[in-house]
Amino acid sequence: MTMEDQDGKEGGGSMQRIALRRAELGEGFAVARALPTRERRMVGAWCFLDHMGPVDLARSDGMRVEAHPHTCLQTFTWMIEGEILHRDSLGSEQIIRPGQVNLMTAGHGIAHTEYSLGGHSLHGAQLWIALPPEHADMAPAFDHYPELPMWSRHGVTFTLLAGGFEGHEAPTRLYSPLVGLDLHAPRGGRVELPLSTDFEYGILPTQGEVGIYDVDMEADAPITDAFIYMPPGGETLNLSLPPGGRCLLIGGRPFGGTISMWWNFVASSREYIDQAYLDWQRGSTRFPPVPGATHRLNSPQPPWMSQDT
């Protein structure tokens, strides 16, 4: 992924429907990227969103992401089906299973690997959260959340992944005002959702179509294979899900300031990314080895750096 100089203050306008970008992480293993795109770089502090699968592991080599670094962000993994083994340079080793969240805070620098494990299928979402300047260079950390708040109404089951919603609070460690919510309707359902008027929101259908009612779109317009962005100001949102339908709702207060992104690095400046790139390529102690890793991924050089560096 290559994206640089993202302005977190962008926004305004009406609801946007944004096409997803396809990418492969391995033979037969595809992801659909919702953030960042040319149309939308961030939603609150959420700066990256990949929809993984669903993938039939019998027809795929699965996901095997070797050791790679991160800075100034949190990686956020939400599992729907299957299992992934996480290992990092702090010595953390954790299998994430359906209904659970892994949250890795990179801060000054961390490296990790992710390998899908045996099973029939893999389905989930991987997100990044940009850390605000006062926390961007903090010490790295890893947290696993096996239990999250869940409740149901009108045929829809809610799982709160991050932040607060309808009087519930998720335990996930955050440094910006955010919300992350999984909605699943085994038999179909329709709900009205209260929104924070100072938040911007994004909706990603993860299974089946999602019907959305808003003054700027046709009532119950079927949404699939797209990401929907909503600027601040809305008070409520009506969603309808078919039997088995599922979607991810993310939101947050617009991120103040500008961030740069290159490959797996996030920072407030290109100079910070330059140093992180050099530290990774030179094997600095800033990024210790990841136990069990077979090799380290090579970072592409930032295009603004001199080739003689």
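Using the numbering used here, the letters of the sequence shown map in sequence onto residues 812 to 1120. C-beta atoms are modelled at their ideal positions from N, C-alpha and C, and glycine is treated no differently. Note that this is a predicted model, so its numbers are computed, not measured.
Contact under 8 Å by Cβ, residue i with residue j
i	j	result
V967	L1006	no
A1104	E894	no
H786	N913	Residue 786 falls outside the range modelled here, since the chain spans only 812 to 1120, and no answer is possible.
I829	F969	no
Y1088	P1113	yes
R998	P1054	yes
P1016	T1047	no
G1000	I1061	no
S900	F1098	yes
C883	V1077	yes
M890	Q905	no
A996	G1056	yes
Which of helix, strand or coil DSSP assigns to residue i
i	result
W1091	helix
E877	strand
P1043	coil
A869	helix
D861	strand
T848	coil
E1020	coil
L831	coil
S825	coil
P1114	coil
G958	Checking the displayed sequence, the identity of residue 958 turns out to be Glu instead of Gly. In this structure, E958 counts as coil in the three-state DSSP scheme.
P1053	coil
A856	coil
G974	strand
V1026	Reliability fails at V1026, whose pLDDT of 48 lies under 50, so the model's placement of it is uncertain and the value that follows must be treated cautiously. It is coil, neither helix nor strand.
Candidates the options: closest to residue i by CA position
i	options	result
R984	A917, F840 and P865	A917
R1064	M961, G975 and S987	S987
P960	A952, F976, V854 and W1073	F976
T1096	N1109, G999, I921 and G935	I921
S871	S932, M1072 and S825	S932
W939	H862, I907, I1034 and P982	H862
V1002	W962, A981 and F1010	W962
Q885	Q911, D1090, M949 and Y926	M949
A941	P1043, G930, L989 and G1044	L989
M826	M915, Y1024 and H946	Y1024
L928	L896, A996 and P1033	L896
L1140	R844, H934 and F887	A query on residue 1140 cannot be resolved here, the shown segment of the chain reaching from 812 to 1120 and no further.
A936	D899, R844 and E1020	R844
M1041	D1009, I906 and E1020	D1009
H881	M1116, I907, M853 and M1072	M1072
R849	G1067, L831 and G930	L831
G974	R1081, M1116 and W857	W857
G855	G873, S1051, P943 and M874	P943
M1116	N1109, L1050, Y1083 and H1106	Y1083
F840	G1022, R875 and L860	R875
E892	G1067, G930, P957 and H919	G930
Cβ neighbour criterion (16 or more within 10 Å) applied to residue i
i	result
G819	Caution applies to G819, whose pLDDT of 41 falls short of 50 and renders its modelled position unreliable; the value that the coordinates give is listed next. With 16 or more Cβ atoms within 10 Å of its Cβ, G819 is classed as buried.
E1011	buried
N1075	buried
H923	buried
E1128	Examination of residue 1128 is not possible in this model, given that the chain is present from 812 through 1120 alone.
R1093	exposed
P1111	exposed
V1026	Reliability fails at V1026, whose pLDDT of 48 lies under 50, so the model's placement of it is uncertain and no value is given.
A947	buried
T1069	exposed
Residue i beta carbon near the ligand SAM (any heavy atom closer than 7 Å)
i	result
I1084	Judged by which ligands are present, the structure shown has none, so any question about the ligand SAM falls away.
**OP:** Go through the segment 978 to 1016 residue by residue and report every complete run of the beta strand (DSSP E) that reaches 3 residues or more, in order.
**Re:** Whole beta strand (DSSP E) segments, 3+ residues: 989 to 996 and 1000 to 1005.
Original post:
Taking the runs of the beta strand (DSSP E) that are 3 residues or longer, which of them lie wholly in the segment 895 to 956?
Top reply: List check, beta strand (DSSP E) in window: 895 to 899, 904 to 907, 912 to 916, 921 to 927, 932 to 941 and 952 to 956.
Subject >> Every unbroken beta strand (DSSP E) within the segment 1059 to 1108, with a cutoff of 3 residues, ordered by chain >> reply: DSSP runs (the beta strand (DSSP E)) wholly in the segment 1059 to 1108: 1069 to 1073 and 1076 to 1078.
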